[in-house]
DNA sequence: CTGAAAGCGCTTACAG
DNA sequence: CTGAAAGCGCTTACAG
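Protein chains in written order, with this note's numbering: chain A, 6 to 326; chain B, 6 to 326.
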């Protein structure tokens, strides 16, 4: 049914060794005529090498696993991985996605089972994941390893950036709004910490901490728990900000005069709230590009054609603060 | 570094054949004592069988590939695949995700390369995908194959459900709002068709068709292009509905009196718009559950403990129509 | 320039 | 109750 290298060899009248060499780019030393017969036969038979056979022979597969954190999987993440899939494909690598779970056991199964060439993630690996990957001898790449900087939590910077914006706008009493479900809020701690630091820096009182789900009742209760007017709310993401904005509007608070909000993510929907949301954008595409570049480099591929892109967080000042 | 079955065999003082049998559940006929030595040795060595070796020997891997369509990847999809990952893991199957691309070439690489036990998708496979999978001899499962019904496009039903709701509410002039980017709108055609049918049924004029991105200017232009007051807008999804609702509010139209909207997806954010969005919910979790059940059944696993769940589209009447 | 041979880690009849 | 042997599809020195 499915052609093997044996079939190709027979059809081309050569040995399997020859087929393997030629199809894997080590064919320079073969007669042009032979090369052509082989590639011809391969395409006629729609030959696709077996990943299993190849993996076994080489000790590692051509698979790269991207670990997807348990967090909002936005539409643009999809875009990003699609691009990554294509970029890796041109180097003969196959990208497959794996959903992160609480325990690292499934990751272990995947890693030792599939022997991927590398494991990548757009968000920093946890200590446990890093240890696992290391002990299994698998190359791991995350944003931290991609940016040659020291390992620091970028979430602290994000929280600080949001808070500083509010302070600059004159809000003197800050609030940090977490997303209720802790699993969905892997970055909340760092963000909150960033807000705290800014408060300290500016001699402001400690931020008030609230938590809510994306739900009207939650949002109303949260708004009612804040001392208004006068507060500036740093939100975990644009969804949280939208829910709170809506609740504040229902309660009749003037935005941004009596209460301010700043979101995070720069989602498409953040542009169509009333008023449109002030938020922070993060160039995921650039981050992904750099991650892939780092991974390719680490895998010994040439990356001369890939200039590193500048990744930064960009304030998007709009109507809510 | 990484233990092989050879290592386990040596440590347990048995042959590799024995290790294989015992670790794969065919150990009934072995001495209890032997079984224990083997499992003991395996766990001490943190043995994980090599997927490559096993795949080569068995002719098929323990991998199940889920094809993710190029469309909004909502947070709940994440939830669903996480659950599916776990359900499959208990049967020794590993779920990996593959992003659909325009061409089926990458899918082909994955399928013939990895020899997955099955390929599943929460949205119907395209003709091309189906053909490929069939020719490669891979089991394929999608919602259509899971629900024993004839292959019909559920999107037509969804569009019709939305339209009928608006008609029941008294809107006599319907509009269908597509999401601009065609790649993001794989279901638009079917939905539009559903709306058309309802108009015909009720002797109403043909629906007006508009297209917009999730963008304030697009939305304003779209609203301005509709004959108001009096129209009911069937929206591709909740995001489109939110953008239009916002534009209508800016223009001063009364919702739902002068213009009505119904979205689709029942996203968390749809509950916090002003007024909250009328929408249609789809029990993805149930659909996924049935899909997995069908896949397990097709793979010869026992599914006696898995009662099929009822999947339907549920209207969520709220404030916009 | 090309092929024979060994080996990657596993599973599966089969023999005992 | 257990093991020797063959084979899955490939790649990689090595020999010629």
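For each residue, glycine too, the CB sits at the ideal point set by N, CA and C. For clarity, every value in this text was computed on a predicted model and none was experimentally measured.
Nearest neighbour of residue 7 (chain B) by Cα position, chosen from A:90, A:30, A:21 and A:142, turns out to be A:142. Of all C-beta pairs linking the stretch 59-67 of chain A to the stretch 6-23 of chain A, fewer than three are shorter than 8 Å, placing the two stretches out of contact. At a cut-off of 8 Å between C-beta atoms, residue 118 (chain A) counts as an interface residue with respect to chain B.
Against chain B, the CB of residue 256 (chain A) has no partner CB under 8 Å away; the residue lies outside that interface. Interface with chain A (8 Å Cβ-Cβ cutoff): residue 57 (chain B) is included. The beta carbons of residue 291 (chain B) and residue 260 (chain B) sit about 31 Å from each other, so the pair does not count as a contact at 8 Å. Within the stretch 79-165 of chain A, complete beta strand (DSSP E) segments of at least 3 residues are found at 99-104, 123-126 and 144-146, given in chain order. Unbroken beta strand (DSSP E) stretches of 3 residues or longer found wholly inside the stretch 221-303 of chain B: 236-240, 264-267 and 284-287, given in chain order. Any Cβ of chain B closer than 8 Å to the Cβ of residue 106 (chain A) would place that residue at the interface, and such an atom is present. Cβ atoms of residue 219 (chain B) and residue 196 (chain B) stay farther apart than 8 Å, at about 17 Å. Inter-residue distance for residue 68 (chain A) and residue 254 (chain B) is about 50 Å (C-alpha atoms, whole angstroms). Annotated three-state conformation of residue 219 (chain A) is coil, per DSSP. Taking a C-beta distance under 8 Å as the contact criterion, residue 179 (chain B) and residue 166 (chain B) do not qualify as a contact pair. With a cutoff of 8 Å on beta-carbon distance, residue 283 (chain B) and residue 324 (chain B) are scored as near each other. Under the three-state reduction of DSSP, residue 209 (chain A) is assigned to coil, being neither helix nor strand. Residue environment for residue 40 (chain B): buried (at least 16 other C-beta atoms within 10 angstroms of its C-beta). Using a Cβ-Cβ cut-off of 8 Å, residue 99 (chain A) counts as an interface residue toward chain B, since at least one Cβ of chain B sits closer than that to its own. Pairing residue 160 (chain B) with residue 229 (chain B), the inter-Cα distance amounts to about 27 Å. Separation of residue 244 (chain B) and residue 63 (chain B) (C-alpha to C-alpha, rounded to the nearest whole angstrom) is 47 Å.
Segment contact: the stretch 84-101 of chain A against the stretch 97-107 of chain B, three or more CB-CB distances shorter than 8 Å; contact assigned. In the three-state reduction of the DSSP assignment, residue 69 (chain B) falls in the strand class, which pools E and B.
Comparing alpha carbon positions, the residue from B:29, B:101, B:194 and B:132 closest to residue 124 (chain B) is B:101.
The beta-carbon of residue 61 (chain B) is placed less than 8 Å from the nearest beta-carbon of chain A. Within the same chain, and ignoring the five residues on either side of residue 117 (chain A) in sequence, the residues whose Cβ sits closer than 7 Å to its Cβ are 141.
For a cut-off of 8 Å, the C-beta gap from residue 36 (chain B) to residue 13 (chain B) is around 17 Å, too long to register as a contact.
A Cβ-Cβ contact shorter than 8 Å links residue 113 (chain B) with residue 137 (chain B). Relative to the Cα of residue 183 (chain A), the nearest Cα in the group A:241, A:211 and A:204 belongs to A:241. By the neighbour-count criterion, in which a residue is buried when 16 or more other Cβ atoms sit within 10 angstroms of its Cβ, residue 134 (chain A) is buried.
Nearest CB-CB separation between residue 182 (chain B) and chain A: not below the 8 Å threshold. When B:169, B:33 and B:158 are compared, the shortest CA-CA separation from residue 285 (chain B) is found for B:169. Within the stretch 268-286 of chain A, the residues whose Cβ lies closer than 9 Å to any Cβ of chain B are, in chain order, 272, 273, 274, 276, 277, 278, 279 and 281. The alpha-carbon of residue 66 (chain B) is positioned some 9 Å away from that of residue 98 (chain B).
If you draw a straight line from the Cα of residue 31 (chain A) to the Cα of residue 10 (chain A), it comes to about 16 Å. Per DSSP, the beta bridge partners of residue 321 (chain A) are A:284. Residue-level contact by beta carbon holds for residue 90 (chain A) and chain B, with a gap shorter than 8 Å. Distances from the alpha-carbon of residue 176 (chain B) to those of B:186, B:115 and B:238 put B:238 closest.
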